[in-house]
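Following UniProt numbering, the numbering of the sequence shown begins with 1 at its first residue and continues without gaps.
The C-beta atom is built at its ideal place from N, Cα and C for all residues, glycine as well.
One structure is given here, and the rest of the page talks about it.
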Amino acid sequence: MTSSTSFFTTELKRALKENAFAIKSAETLPEKTADRACAKIVLLEEKEIQVELINDGFRVQGETKLYDTLDSLLLNVSPKSMEMVSQTLSSRLEGLIARRHSDSEDKTSPDVETEGEGERKVQAPPETSTASVIPSPHDPLSSERQPVTNATLTIRCIKSFEYRTEKNLVLKGLDLTTLTAGQLIEMCKQAIKTTPGFKPYKTVKLDTLKLYNQAHSHKTMNLIINLDNDEWILDDMEKTMEQHGALNETEYSLFSREAYDAFKANPTVRSRAVESPSSDEIAERDLRLLMVCRYGGIDL
């Protein structure tokens with residue numbers, strides 16, 4: 001049990017570190033019963049995660065509350081990379097559970113001795129199914145969980161470089177072997193027209209795709225756009241996304257090439273000015289407040 005528990009703690013540490021969580025300490029906690037493992041992870045932000053592995057799954061405890069899913073825990077630990085971390089931890093924990101189940105089946109299937117014609121034969125135990133055990137030497141990365149014929153891409157639609165205004169568009173079920181870069185841009189434009197919350201982006205000229213982040217590969221620290229690596233711009237609109245190197249959970253930026261070149265020549269980030277309400281707006285607000293008070297029987 002000690003080796004399984006140690007492996008469990010190691011996998012948790014690796015998953016958290018891969019997704020930008022700064023770990024202060026990690027330790028294995030004493031098992032409550034023989035079929036459980038428990039690990040405690042303390043982040044640099046002094047928030048503590050306790051993950052307990054049980055036969056049918058796992059449960060997570062963060063700070064003083066008990067959470068049934070990793071998503072609810074991550075919402076209380078850090079807003080960064082919640083979906084990616086949840087998927088990574090889920091995959092690693094499910095892989096560990098599959099290994100533990102496989103080990104327990106092996107232990108409960110001892111060799112059976114049978115007597116034949118004057119001799120004792122040892123009957124080999126029946127082969128256990130290993131369909132749930134991942135055959136690869138490592139647990140699947142997030143970019144490997146879905147085939148390129150059924151991939152998910154995140155498109156960062158950029159409205160303004162100067163004001164760092166962008167909104168993510170998630171496209172699922174894409175066949176990257178046939179979808180070209182030009183078709184992807186048109187698909188994004190159509191999605192912007194019909195997806196709630198994208199009304200300000202309907203009039204924005206969006207004509208260029210650039211790689212922003214690829215899971216477990218290319219990464220950037222720029223919040224709005226990576227101005228370096230111009231070779232990451234998809235210039236050939238006829239090439240398929242697979243030919244451009246796209247994998248599942250790859251992230252691209254979609255923007256105006258003209259606005260990009262202008263911002264690159266003068267990369268100045270501005271903040272939005274807070275406008276004071278006009279006198280007409282103040283009068284309208286006061287009138288609405290007065291009507292609400294009178295309707296509720298409140299005398300001013």
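- Taking 9 angstroms as the cut-off, the Cβ atoms of residue 255 and residue 176 do not count as close.
- In the displayed model, residue 289 falls within a helix according to three-state DSSP.
- A Cβ-Cβ separation of about 6 angstroms places residue 212 in contact with residue 226 under the 8 angstroms criterion.
- Going by beta carbons, residue 238 and residue 153 fall outside the 9 angstroms limit.
- Counting only residues of its own chain and dropping the five nearest sequence neighbours on each side, residue 202 has a CB closer than 8 angstroms to the CB of 192 and 193.
- Taking 9 angstroms as the cut-off, the beta carbon of residue 267 is found no closer than this to the beta carbon of residue 198.
- Within a 10 Å sphere around the beta-carbon of residue 155 sit 16 or more other beta-carbons, which makes this residue buried.
- Per DSSP, the unbroken beta strand (DSSP E) holding residue 152 starts and ends at 151 to 160.
- DSSP links residue 251 through a beta bridge to 154 and 213.
- Nearest neighbour of residue 253 by Cα position, chosen from 157, 40, 151 and 48, turns out to be 157.
- Looking at 184, 280, 196 and 26, the one whose alpha-carbon comes closest to that of residue 172 is 184.
- In the three-state scheme derived from DSSP, where H, G and I count as helix and E and B as strand, residue 268 is classed as coil.
- Straight across, the Cα-Cα distance linking residue 189 with residue 181 is about 13 angstroms.
- Per DSSP, the beta bridge partners of residue 240 are 180.
- Secondary structure of residue 192 (DSSP, three-state): helix.
- For residue 232 and residue 41, the gap between their C-alpha atoms comes out near 37 angstroms.
- In the DSSP assignment, residue 165 falls within the beta strand (DSSP E) that extends over 165 to 174.
- Under the three-state reduction of DSSP, residue 233 is assigned to strand.
- Under DSSP, residue 208 takes part in a beta bridge, and its partners are 255.
- A straight-line Cα-Cα distance of about 17 angstroms links residue 242 and residue 208.
- The three-state secondary structure of residue 225, taken from DSSP, is coil.
- With a cutoff of 9 angstroms on beta-carbon distance, residue 195 and residue 174 are scored as not near each other.
- The distance from the Cβ of residue 214 to that of residue 179 is about 16 angstroms, inconsistent with a contact at the 8 angstroms cut-off.
- Each residue's CA atom was taken as its position, placing residue 151 and residue 39 some 33 angstroms apart.
- The shortest CA-to-CA distance from residue 224 to any of 166, 245 and 280 is the one to 166.
- Per DSSP, reduced to three states, the secondary structure at residue 198 is coil, with no helix or strand assignment.
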